[in-house]
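Scroll down for the structure; my scribbles are underneath it.
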Amino acid sequence: MVEHVVDSWRPLAAVLISTVAIALIVASHRRPNVREAWSVIASVGKFAIVASMLPGVLDGTEYRWSLGMVPGLDGEFVAGAEFALRADPLGMLFALLASFLWIFTAFYSAGYMRGLDEPNQTRFFASFAASLSAAIGIAFAENLVTIFVFYELLSVATYPLVAHDETDEARAAGRKYLAYTFFGGGFLVLAGTALVFVLTDTTTFGATAADLAEADPALARAAFGLLAAGFGVKAGLMPLHSWLPDAMVAPTPVSGLLHAVAVVKSGAFGVARVVLEVFEPDLVGELGVGLALAAVAAFTLTAASIIALRADRLKRRLAFSTVSQLSYIVLGLGLAGPAAVAGSGTKTVIIGGLLHIPAHAFMKLTLFFCAGFIHVETHTDYISEMDGIGKRMPLTMAAFAVAAAGMAGIPLVAGFVSKWFLLIGAVEANQAIFAVVLLISGVLNIAYFWPIVYGAFFESHDDADGKPLVEFPLGGRASGGASAGEPKAVADGGAADDAHDDDAAATDEHQEGGHHDTADHEHAGHAVHSDDQHEDHDHHGGPPPGGWERAGWTGAEGSWLMLGPILAIVAGAVVLGVVPYQAMFLELIEVITEGVVG
Numbered sequence: 010m011v012e013h014v015v016d017s018w019r020p021l022a023a024v025l026i027s028t029v030a031i032a033l034i035v036a037s038h039r040r041p042n043v044r045e046a047w048s049v050i051a052s053v054g055k056f057a058i059v060a061s062m063l064p065g066v067l068d069g070t071e072y073r074w075s076l077g078m079v080p081g082l083d084g085e086f087v088a089g090a091e092f093a094l095r096a097d098p099l100g101m102l103f104a105l106l107a108s109f110l111w112i113f114t115a116f117y118s119a120g121y122m123r124g125l126d127e128p129n130q131t132r133f134f135a136s137f138a139a140s141l142s143a144a145i146g147i148a149f150a151e152n153l154v155t156i157f158v159f160y161e162l163l164s165v166a167t168y169p170l171v172a173h174d175e176t177d178e179a180r181a182a183g184r185k186y187l188a189y190t191f192f193g194g195g196f197l198v199l200a201g202t203a204l205v206f207v208l209t210d211t212t213t214f215g216a217t218a219a220d221l222a223e224a225d226p227a228l229a230r231a232a233f234g235l236l237a238a239g240f241g242v243k244a245g246l247m248p249l250h251s252w253l254p255d256a257m258v259a260p261t262p263v264s265g266l267l268h269a270v271a272v273v274k275s276g277a278f279g280v281a282r283v284v285l286e287v288f289e290p291d292l293v294g295e296l297g298v299g300l301a302l303a304a305v306a307a308f309t310l311t312a313a314s315i316i317a318l319r320a321d322r323l324k325r326r327l328a329f330s331t332v333s334q335l336s337y338i339v340l341g342l343g344l345a346g347p348a349a350v351a352g353s354g355t356k357t358v359i360i361g362g363l364l365h366i367p368a369h370a371f372m373k374l375t376l377f378f379c380a381g382f383i384h385v386e387t388h389t390d391y392i393s394e395m396d397g398i399g400k401r402m403p404l405t406m407a408a409f410a411v412a413a414a415g416m417a418g419i420p421l422v423a424g425f426v427s428k429w430f431l432l433i434g435a436v437e438a439n440q441a442i443f444a445v446v447l448l449i450s451g452v453l454n455i456a457y458f459w460p461i462v463y464g465a466f467f468e469s470h471d472d473a474d475g476k477p478l479v480e481f482p483l484g485g486r487a488s489g490g491a492s493a494g495e496p497k498a499v500a501d502g503g504a505a506d507d508a509h510d511d512d513a514a515a516t517d518e519h520q521e522g523g524h525h526d527t528a529d530h531e532h533a534g535h536a537v538h539s540d541d542q543h544e545d546h547d548h549h550g551g552p553p554p555g556g557w558e559r560a561g562w563t564g565a566e567g568s569w570l571m572l573g574p575i576l577a578i579v580a581g582a583v584v585l586g587v588v589p590y591q592a593m594f595l596e597l598i599e600v601i602t603e604g605v606v607g
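Per the working numbering, the very first residue in the sequence shown carries number 10; after that it's consecutive.
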């Protein structure tokens, strides 16, 4: 519970430190080492400022800054709303996670951009810093107006990252990203914010639920729907998800930012603010909107997992995995309403949903970083070319295996703890159907991750076994043993079969690596294309002539600027799975739930 609120400049400093770094990064454009050093320094500084507020927040203190603290300025930003930042427990959860993982991403990005000799590196690092400023602003926003401003700024800041390669495909993905996120933020969130203000005369988090309970239920439901859908765009809820797989055209560090840390988590975080502090679980249950939100999340996590089964391109499979996994967070938040009505399970489902925010971040960032490292070192992007790659990159694929196990809910990794709370909470809330959905989703997670891990360590490219779980018509590639008369399953994005998800054809031409030789590599009957036009230095994807070279377990598989962050983040996923309370996130989440439920 909140014991007192103190005026402090630290919330603003946490936002601005990476904004200042933008100018330093641009000024150092002719000195790459200095430029990247500013990125690292800003990430460490941001985390230090955020972490300095953690002990106080855990003890009941909140740190607040408003525009009125600036001499000569009025605190009111627009009628009835201040431009204010507040470091409260829920905001600290998101800010602590984003600032901590940015440290590792800063090192990884330097290795990735140098490894591929990417163009426009200064713009990349500057945009990355701007994105983290916006993300921390979202975390510490005190009201719906302030979060709306930073929500829009995040879309603007990340557009150059999505369109980084400046190809036609990258620009198209960037335009689609802006169209979806500006529609979500610019119309739905703003409309929902305005409606909440009309009904309650305030937009401050934690001060609206009582008035919303007295308002016309139809208007209250409309406000909830607008806000949940608006934030759900960035959270990848179906059918508003298709920008997310298309954004895979961006460099892998951007994919990590989009899918694990800032962008998608800002959407899930926005849903958390709406459910827990704008409406609160009791009102969500009374209005009946929580069950509808949970149903959308359940459909999304199941459908996205099925689509992931058929994606041959690794980053695309991970993208649909992200769509699925984000819905675990939304499912837990949605179930808070029915649980409040049932009188049991409210705390459990909230803990499960919120704990999956850091759990998914650590695991998914590991997976994307592994995909990027594989690309940099071997120019391999397709799962069907990765059989035996564990010999060439054993540490990378071991980290991938651990993170994949966590995504499937295997014990001793972060995903197990959050999914356990969700499973138990669904049963306690008398919503066992959602527990069944969670179990089915876990099986689907194993189905689309296991073939990657098994192929990497136990097969070779020349004698790979068929994988029935993913090689029937919904699968990613045809088995080599298909008979002449049988239709062959095509790789994701293939032209031979139109049985795709709605987004497949638009995105799967997007490749991260160098051009494939169409005489040598065809995926189930169609030539593979490329989108970022990097020159291959060794070969064009898949094992080189003679097979993968054994690298050993000493870290000789590539640059430690990339391997080091991968191992550090996957270690964090294990720590969060083994001792979640000592990792601080669970303790912080318990403080959040005590404040919401009591």
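Backbone N, C-alpha and C define an ideal beta-carbon position, used for all residues, glycine too.
This structure is a prediction, so every number in the text was calculated from the model and none was measured.
Measuring alpha carbon to alpha carbon, tell me which of the options ends up nearest residue i.
i, options, result
"Tyr186", "Asp174, Pro169, Leu199, Arg325", "Pro169"
"Asn439", "Leu228, Ala317, Gly354", "Gly354"
"Ser108", "Ala219, Phe191, Ala370, Ser251", "Ala370"
"Leu448", "Trp459, Phe458, Ile433", "Ile433"
"Gly362", "Gly81, Gly124, Ile601", "Ile601"
"Thr70", "Thr389, Gly564, Ala96, Ala307", "Ala96"
"Met101", "Ala203, Ile442, Gly604, Leu597", "Leu597"
"Val385", "Gly124, Val79, Trp74, Val35", "Gly124"
"Val287", "Asp390, Gly555, Ile156, Arg559", "Ile156"
"Ile147", "Asp225, Pro460, Pro20", "Pro20"
"Ala229", "Ala216, Val207, Val445, Leu246", "Val207"
"Pro260", "Ile383, Arg559, Pro553, Ser393", "Ile383"
What are the start and end residues of the alpha helix (DSSP H) that includes residue i?
i, result
"His369", "355-387"
"Phe443", "441-467"
"Asp291", "290-296"
"Ala410", "403-416"
"Ile145", "130-149"
"Trp252", "252-255"
"Thr261", "261-265"
Can you look up residue i in the DSSP assignment and give me helix, strand or coil?
i, result
"Phe594", "helix"
"Ser75", "strand"
"Val272", "helix"
"Thr70", "strand"
"Val422", "coil"
"Ala216", "coil"
"Ala237", "helix"
"Ala166", "helix"
"Arg184", "helix"
"Val588", "coil"
"Phe206", "helix"
"Arg40", "coil"
"Arg322", "strand"
"Ala5", "There is no way to answer for residue 5, as the model of the chain reaches only from 10 to 607."
"Ala115", "helix"
"Ala23", "helix"
"Ala90", "strand"
Could you spell out where the beta strand (DSSP E) holding residue i opens and where it closes?
i, result
"Leu94", "93-96"
"Asp8", "Here the chain has residues from 10 to 607 only, and residue 8 is not among them."
"Phe8", "Outside the shown range of the chain (10 to 607) lies residue 8, about which nothing can therefore be said."
Are residue i and residue j touching if we call contact CB-CB under 8 Å?
i, j, result
"Ala349", "Gly294", "yes"
"Phe409", "Val462", "yes"
"Ala182", "Val171", "yes"
"Ser37", "Val29", "no"
"Val205", "Thr213", "no"
"Thr309", "Ser275", "no"
"Ser27", "Tyr72", "no"
"Ser427", "Thr311", "no"
"Leu453", "Ser336", "no"
"Gly399", "Ala465", "yes"
"Gly358", "Gly586", "Correcting the residue type first, residue 358 is Val in the shown sequence and not Gly. No, the pair does not count as a contact, with Cβ atoms beyond the cut-off."
"Ala368", "Leu340", "no"
Answer yes or no: the CB of residue i versus the heavy atoms of the ligand GDP, is any distance below 7 Å?
i, result
"Arg39", "Absent from the structure shown: the ligand GDP. Ligands present: none."
Segment contact flag, the stretch 159-166 with the stretch 52-68, C-beta cutoff 8 Å, min 3 pairs
no
Decide yes or no for the touch test of the stretch 175-195 against the stretch 244-255: beta carbon pairs closer than 8 Å, at least 3 of them.
In short, these stretches touch, since the Cβ pair count reaches three.
How about the stretch 131-143 and the stretch 84-94: do they share at least three Cβ pairs that are nearer than 8 Å?
Because the criterion of three Cβ pairs below 8 Å is not met, the stretch 131-143 and the stretch 84-94 do not touch.
Would you call the stretch 227-244 and the stretch 283-303 touching, i.e. three or more CB-CB distances under 8 Å?
yes
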